[in-house]
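Colleague: Residue numbers (the working numbering): 57 to 447.
1. Compute the distance between the beta-carbons of residue 351 and residue 326, then report whether it is under 8 Å.
2. How long is the line joining the alpha carbons of residue 318 and residue 412, rounded to whole angstroms?
3. Taking DSSP as the reference, what is the three-state secondary structure of residue 243?
4. Let me know the beta strand (DSSP E) ranges lying completely inside the region 256-332, each 3 residues or longer, listed in chain order.
5. Counting pairs of Cβ atoms below 8 Å between the region 341-360 and the region 143-163, do you hit three or more?
6. Unbroken beta strand (DSSP E) runs of length 3 or more, entirely within the region 109-178: which are they?
7. Could you tell me how far apart the beta carbons of residue 421 and residue 181 are, in whole angstroms, since I believe they sit closer than 8 Å?
8. Ends of the alpha helix (DSSP H) at residue 346?
9. In whole angstroms, give me the CA-to-CA distance for residue 343 and residue 246.
10. If we ignore side chains and look at the alpha-carbon of each, how far apart do residue 429 and residue 170 end up?
11. Quick one: is residue 466 buried, meaning 16 or more other Cβ sit within 10 Å of its Cβ, or exposed?
12. Should residue 85 be labelled buried (16 or more other beta-carbon atoms within 10 Å of its own) or exposed?
13. Could you tell me whether the Cβ atoms of residue 316 and residue 307 are closer together than 8 Å?
14. To which residues does DSSP link residue 382 through a beta bridge?
15. Restricting to Cα atoms, I'd like to know which of 122, 89, 77 is closest to residue 106.
16. Counting pairs of beta carbons, one from the region 174-191 and one from the region 204-217, are three or more of them closer than 8 Å?
17. Buried or exposed for residue 332, going by 16 or more other Cβ atoms inside 10 Å?
18. What is the residue span of the alpha helix (DSSP H) that residue 445 lies within?
19. Three or more C-beta pairs closer than 8 Å, one from the region 222-238 and one from the region 144-157: is that the case here?
20. Given residue 243, which residues of its chain have a CB within under 8 Å of its CB, disregarding the five upstream and five downstream residues?
21. For residue 238, tell me which candidate among 249, 89, 269 has the shortest Cα-Cα distance.
22. Just to confirm, is the Cβ distance from residue 251 to residue 393 under 8 Å?
23. Among 197, 131, 67, which one has its Cα closest to the Cα of residue 113?
Next up, the structure:
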């Protein structure tokens, strides 16, 4: 390619610059892997990182495309190190006269030559795949909308209302949903051999009066316009009441019980709780409506594995335990659908082109006059063999 300053050349051609944009994504992945809480600015920082990277990749892609039809594509100033080199007895003019017959295109000064190679097209495809991957991913993140709601059997829930959701994630350009149906939960299935994480039957009520019936199963989304609707898990919320013998309330609050990865005996749900002067955990066996409670005070377990029915009150030692009420919810997620096929296609293009670029090295050589003839530097196996023949 034509001469450009070293800093600009580093920005437009060096692969090391692109590695800089991997720092933030790698940090996000590691934080998720090690369950570390990220700052609230992390999603915005990651989005800005990806947009900047896609802009740089787009500039590089256009630059490589612009030089695709030229005889000199890389240029003498790109990728040349002055270290080493081989001394030849022939002059640069003599070697230059032999280069065209060997398939080289030579600069007017006769001091640089290169062959056209498939790796150059691989570089273009690599940047094209990266641009598709980054641009589509950034677009999806800009317009991303995701919501989590806890819902049980009862009245219809308006999926367009932000108040229906327990938590919401939105991209900078995301709009509030306006075309989603109302949802009614008809039946909830406890975890068993058929549905290891449970399931939920729902009716989706559209504005035109039509009704769609679906069974929501974890990891099996249902299409709902441009959104995906799926169940993540069943959640139970008992209101645990712990009193002392003199009727002083020590704890009275809801405890969220999530599915255990591995059951503890017959108990498949568990949730911790924290009171003013005590902490502990609650286990639940929904098939028998059986609770098991552990109470720890001042670092010492004072109630261990106390089992009782949801509608009972039990006493142990100085404590009276009961369950005021029990909520059974389906945790349902609504996510704006991403362009997964385009993302996969862009990733495949980039990977295949990277392999091509690594397999086909550029064939280039540089010449410089010296007292004994000339000094030559080369890149590529064929160029190395050509220089050795010139000795």
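Every residue gets a Cβ at the ideal spot worked out from N, C-alpha and C, and that includes glycine. Predicted model only: the values in this text are computed from it and were never measured.
Modeller: Checking against the coordinates, here is how it stands:
1. No. Outside cutoff.
2. Looking at the two C-alpha atoms, the distance is approximately 46 Å.
3. If DSSP states are grouped into helix, strand and coil, residue 243 belongs with the strands.
4. Note on the region 256-332: whole beta strand (DSSP E) runs with a minimum of 3 residues are 267-272, 278-280, 283-300, 305-310, 314-320, 323-330, in chain order.
5. When C-beta atoms of the region 341-360 are compared with those of the region 143-163, fewer than three pairs fall below 8 Å, so the two segments do not count as touching.
6. Within the region 109-178, the complete beta strand (DSSP E) runs of at least 3 residues are 142-144, 168-170.
7. About 25 Å separates the Cβ atoms of residue 421 and residue 181, ruling out a contact at the 8 Å cut-off.
8. From DSSP, residue 346 is part of no alpha helix (DSSP H) but of the beta strand (DSSP E) over 346-353.
9. When the Cα atoms are used, residue 343 and residue 246 turn out to be separated by approximately 8 Å.
10. If you draw a straight line from the Cα of residue 429 to the Cα of residue 170, it comes to about 21 Å.
11. This structure does not reach residue 466, given that the chain is present from 57 up to 447, and the question cannot be answered.
12. Residue 85 counts as exposed, since fewer than 16 other beta carbons sit within 10 angstroms of its beta carbon.
13. Between residue 316 and residue 307, the C-beta spacing is not below 8 Å.
14. Residue 382 is bridged to 294.
15. With distances taken between Cα atoms, residue 106 lies closest to 77.
16. Taking one beta carbon from each stretch, the region 174-191 and the region 204-217 have fewer than 3 pairs nearer than 8 Å; the two do not touch.
17. Looking at its Cβ environment, which holds fewer than 16 other Cβ atoms inside 10 Å, residue 332 is exposed.
18. Residue 445 -> alpha helix (DSSP H) spans 437-445.
19. In short, these stretches do not touch, since the Cβ pair count stays below three.
20. Residues 209, 256, 257 of the same chain have their beta carbon placed closer than 8 Å to that of residue 243, with the five preceding and five following residues left out of the count.
21. Selected option, being the one with the closest Cα: 269.
22. Judged by their CB atoms, residue 251 and residue 393 are not nearer to each other than the 8 Å cut-off.
23. The closest CA to that of residue 113, considering only 197, 131, 67, is found on 67.
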